[in-house]
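Structure first, then comments.
Protein chains in written order, with my numbering: chain R, 239 to 532; chain F, 239 to 532; chain C, 239 to 532; chain Y, 239 to 532.
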């Protein structure tokens with residue numbers, strides 16, 4: 239298929255590359271043009287302006303936050319205006335439920351096609367096309383884009399006709415991971431200070447009740463205290479917890495653990511560690527307990 | 239093997255029965271004698287006094303809390319005194335790290351053999367011999383008792399020579415489950431108030447990052463709002479969170495999520511729901527969010 | 239002095255009336271015109287449009303939230319454009335630090351005079367001219383408006399040339415009161431369930447370490463369980479905790495107690511009690527503890 | 239009056255001295271005898287054994303914690319047995335509600351007279367006889383001891399015939415102070431990072447809503463960042479929060495702010511600051527926010 243791709247951060251680059259590998263024709267645009275060269279070497283076309291990528295089968299946007307998406311789609315990027323009515327806009331960024339609602343309204347009013355398809359997975363998963371994709375929007379549009387989603391993900395979950403539902407599910411998923419990191423972190427501090435081997439503990443739980451990828455990946459990172467390189471930073475996690483709490487506030491749902499997470503991530507950022515991996519929540523637990531890193 | 243078994247609560251009954259099924263000779267004792275009859279029908283012998291079950295290959299104790307274990311072993315039950323030096327005492331109750339330390343000292347001083355082997359799993363798992371067993375103590379004693387542990391569990395993790403390590407691991411495991419329940423509960427309240435189908439959400443997470451038994455079992459319970467019959471009560475969970483916080487206090491480890499759990503479980507108990515399943519933590523989240531049960 | 243007054247909620251009405259009593263000429267404007275009649279009976283002039291009150295010695299705005307202030311000053315109310323360069327705009331609303339920063343920039347750019355002067359105190363204090371006023375902005379402008387501030391408050395604290403400092407101080411003050419309410423509420427639930435007389439307890443603390451107006455007023459309300467009529471609602475308190483947390487987020491300051499307050503107030507709102515007094519935080523504590531109101 | 243005094247810590251020494259100044263005959267006992275010399279210089283008699291101070295008008299015990307009190311009164315100190323039936327035992331230590339209940343029962347069973355009279359106030363207040371005393375027990379006994387209480391305190395609050403009520407009130411009072419410290423600490427971190435003068439902020443709140451001794455004393459300490467010398471340590475505050483939470487647990491009262499305090503104090507202790515003043519809760523807030531001490 240013919241696809242435009244805007245946003246070449248860690249995740250975006252990897253995702254665009256899997257599209258190329260799967261044989262799709264990809265035209266990329268990135269605000270900072272330096273990032274486009276690597277993709278061009280892999281066969282991507284480079285666009286000079288956002289409006290140049292709005293006329294294929296689909297346009298994928300994968301940007302860092304609400305402000306970037308809003309500016310690109312509704313503001314200075316003029317995507318909404320430039321979008322061909324036959325081009326499906328697949329918004330894969332992690333954004334607020336409220337912005338997704340505004341995007342849904344704006345696309346509908348302009349007779350443009352909007353699919354929300356945020357993803358679960360770290361950059362490694364993006365590079366190998368092993369993401370989980372949470373899709374919502376008009377069924378025919380999702381069906382039409384399926385070859386693209388299949389190239390990027392190991393599995394696509396179709397959720398709802400209403401696009402914001404996918405964004406909520408993504409945020410809820412990130413909250414569950416973050417709360418797992420916090421609980422693991424608190425536990426591992428206790429385990430270490432009690433003189434028990436943290437690797438043995440991870441071994442036990444991931445071979446009994448918590449035999450899940452998330453526990454295995456992060457349990458090992460925390461037991462090893464090998465948090466680098468960052469796959470998803472504390473700053474981004476803080477941004478997502480803000481979005482979770484905003485969605486919870488809008489629907490009047492108290493989420494005490496989300497508040498704890500927000501406070502801890504904010505402490506991490508305040509202490510200069512915003513650029514490190516969010517699994518360092520465990521290191522913050524260790525530090526509060528007076529433990530020093532190995 | 240020849241084994242004594244003290245404590246016929248939900249878990250204990252089921253465990254004793256799996257021993258009988260596996261062909262072991264089991265003599266049971268329970269303070270309330272009414273519970274012994276059902277086991278006798280399955281082939282168990284009944285003992286009149288605790289001291290009568292202290293002379294086989296092993297003695298298993300599976301009691302409700304620290305007070306019960308302390309009284310049985312060191313107090314009015316006189317187990318420690320009555321125990322044959324060749325009979326391995328396998329303590330499978332969920333008890334505090336501090337009591338396990340005292341038991342270790344007392345057994346050593348009296349030249350008796352003490353193995354700590356608390357379990358992870360609900361009564362259904364106990365009934366089908368599918369528990370996970372966390373064992374710590376003298377290696378030869380654990381090896382000797384292996385046929386018994388194999389009858390009761392699907393897997394035995396041998397942790398350490400020091401018995402209290404197993405008790406800590408068990409408490410840490412329960413903390414991880416409880417914090418998962420809390421996080422799921424907060425998330426599902428958000429999901430429901432946002433108009434997303436909670437079953438669909440559980441479906442997604444348990445088929446992506448959290449493909450683990452604990453998430454599947456409890457995610458379904460919470461989405462269905464079918465919390466009965468209780469497998470593990472809020473009161474018992476509160477007891478365990480107290481023990482987690484006590485171990486954390488003794489080693490100076492702040493555990494904010496454990497504190498949140500303690501407060502919520504205490505609220506459940508205060509509101510008359512201590513006898514219900516701990517997965518009702520999710521119902522407490524729903525209620526705080528103004529949702530009413532279906 | 240000649241003063242315009244926009245915003246006739248509970249607080250605004252009472253404040254405008256103290257200005258009239260002190261002999262100032264007051265012209266009022268309120269979006270809902272029904273509220274103006276009572277003030278007219280006390281001698282106020284009524285303006286048809288916001289722009290009609292922008293030409294005296296000062297213009298006071300006392301609106302409910304950021305959205306209302308932003309719309310009135312920078313949006314559909316056109317206050318900034320209509321404001322006479324010699325008319326001091328005194329913004330007494332409780333607004334975010336971020337909006338106050340935007341207002342400061344906008345006024346400066348337009349060569350208009352902006353003083354931030356939010357207040358501490360309940361409607362009764364407003365009615366009797368006993369508010370505490372936290373003022374920040376250009377010193378000459380504050381000095382010029384002193385007769386107005388004196389009419390409304392028992393004391394004016396001049397804080398800084400930078401207006402947002404006053405808004406921050408106001409929010410911080412409200413946080414301190416809210417956290418006192420939460421702590422008192424938790425304590426009083428404990429006191430009641432322990433069989434101690436709550437009035438006696440309030441009597442003791444307010445005659446020893448906490449001999450302060452806030453503890454006396456609210457301690458009595460909570461001991462009496464007489465929360466009505468509301469002086470400041472849970473919904474408004476929730477709004478303010480959001481603003482506190484937003485200011486804390488912007489400066490990277492974790493505030494765990496503010497998070498607890500936000501969660502509890504959100505629960506109050508979710509349970510249909512947003513319109514009741516924020517001292518009902520104590521009732522939420524009592525309810526969590528299984529107590530029923532007298 | 240003729241009074242025995244056991245326990246010469248910071249508080250006890252100061253209290254015994256005010257009794258001497260008021261003309262009472264005081265006989266002191268302390269486990270570590272080195273502390274008795276200073277009191278002897280001021281006119282106190284020194285006792286060799288605890289039982290030697292059990293025969294005057296009253297015996298005051300002022301010990302560090304539950305374990306010390308239990309051992310002194312019911313254990314190796316043999317106070318209960320040695321106490322003359324006409325000697326009133328005034329227990330001024332901060333102890334658990336549960337221990338006070340056991341002491342009440344034990345004294346009653348032995349026909350001995352027990353008054354609980356814990357105090358509010360720092361060592362400076364103890365030195366100048368300016369403590370607040372919370373007394374509970376048999377009315378005639380409290381009346382009889384009034385001259386002693388008057389020498390040590392500026393005010394005696396008589397609460398109840400049931401002694402544990404006084405211990406609960408004392409713990410509740412300490413919780414209120416600790417939660418004030420936490421709220422002030424969080425606020426001051428926000429104030430400092432927002433560029434507002436912390437002294438000015440303390441000045442405002444203590445001259446408006448919070449014109450109370452506790453806010454003045456601690457607000458100034460926190461604004462000055464002059465936490466030394468410690469008047470009441472983090473370790474002791476942690477002990478008291480444990481007792482508050484234990485009383486709350488026993489009566490099923492969730493106290494989320496008490497949990498936050500426990501976690502923060504535990505972090506302070508874990509990080510090696512248990513011996514410093516509990517007002518350093520504010521420094522922990524500052525540190526979490528990335529601020530460094532001046």
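Virtual Cβ for every residue (Gly too), placed ideally from N, Cα, C. Keep in mind it's a predicted model, so treat the numbers as computed, not measured.
Considering only F:489, F:445, F:449 and F:281, the residue with the shortest C-alpha distance to residue 430 (chain R) is F:489. Taken in chain order, the whole alpha helix (DSSP H) runs of length 4 or more contained in the stretch 412-499 of chain R are 436-444, 451-462 and 472-488. The beta-carbon of residue 526 (chain R) is placed less than 8 Å from the nearest beta-carbon of chain Y. Rounded to whole angstroms, the Cβ separation of residue 341 (chain Y) and residue 358 (chain Y) is 20 Å, and the two are not in contact under 8 Å. Think of a sphere of 8 Å around the beta carbon of residue 411 (chain Y): the chain C residues whose beta carbon falls inside it are 442, 443, 446 and 447, in chain order. In this structure the stretch 278-288 of chain Y touches the stretch 309-321 of chain Y; the number of beta carbon pairs closer than 8 Å is three or more. Beta-bridge pairing by DSSP links residue 242 (chain R) to R:265 and R:297.
Counted as a single uninterrupted DSSP element, the alpha helix (DSSP H) harbouring residue 317 (chain Y) occupies residues 317-320.
One alpha carbon belongs to residue 264 (chain F), the other to residue 365 (chain F), and they sit about 16 Å apart.
In the DSSP assignment, residue 398 (chain R) falls within the beta strand (DSSP E) that extends over 391-398. Inclusion of residue 520 (chain F) and residue 443 (chain F) in the CB contact set at 8 Å is not warranted, their separation being larger than that value. Contact between residue 446 (chain C) and residue 393 (chain Y) holds, since their C-beta atoms are separated by about 7 Å, short of 8 Å. The C-alpha of residue 253 (chain C) is placed about 34 Å away from the C-alpha of residue 491 (chain C). A straight line joining the alpha-carbon of residue 428 (chain F) with that of residue 485 (chain R) spans about 8 Å.
Beta-bridge analysis with DSSP links residue 351 (chain F) to F:326.
For residue 369 (chain C), the uninterrupted beta strand (DSSP E) segment begins and ends at 369-374.
Taking a 10 Å sphere around the C-beta of residue 477 (chain R), we find 16 or more other C-beta atoms and assign the residue as buried. No residue range can be given for residue 285 (chain R), since it is assigned to no alpha helix (DSSP H) and is classified by DSSP as neither H nor E.
Taking residue 326 (chain Y) as reference, the option from Y:508, Y:304 and Y:355 with the minimal CA-CA separation is Y:355. Closest by C-alpha distance to residue 462 (chain Y), out of Y:338, Y:376, Y:426 and Y:249, is Y:426. Under DSSP, residue 358 (chain R) takes part in a beta bridge, and its partners are R:370.
In this structure, residue 352 (chain F) sits away from residue 384 (chain F), with a CB-CB distance that is not shorter than 8 Å.
Under DSSP, residue 515 (chain R) forms a beta bridge with R:471.
Less than 8 Å separates the beta-carbon of residue 496 (chain Y) from that of residue 413 (chain Y).
At least 8 Å separates the CB of residue 530 (chain Y) from every CB of chain C. Nearest in C-alpha terms to residue 419 (chain R), of all of R:470, R:310, R:406 and R:376, is R:470. The residue among F:339, F:324 and F:280 with its C-alpha nearest the C-alpha of residue 297 (chain F) is F:324. Secondary structure of residue 532 (chain F) (DSSP, three-state): coil. Interface criterion met: the Cβ of residue 509 (chain F) is under 8 Å from a Cβ in chain C.
Using beta-carbon distances, residue 505 (chain Y) counts as an interface residue toward chain R, with a partner under 8 Å. About 7 Å separates the beta carbon of residue 330 (chain F) from that of residue 299 (chain F), a gap short enough to meet the 8 Å contact definition. Using a 10 angstroms sphere on the CB of residue 530 (chain R), the tally of other CB atoms stays under 16, which defines it as exposed.
Residue 335 (chain R) has a beta carbon lying at 8 Å or more from every beta carbon in chain C.
When the beta-carbon positions are compared, residue 505 (chain C) and residue 522 (chain C) come within less than 8 Å of each other.
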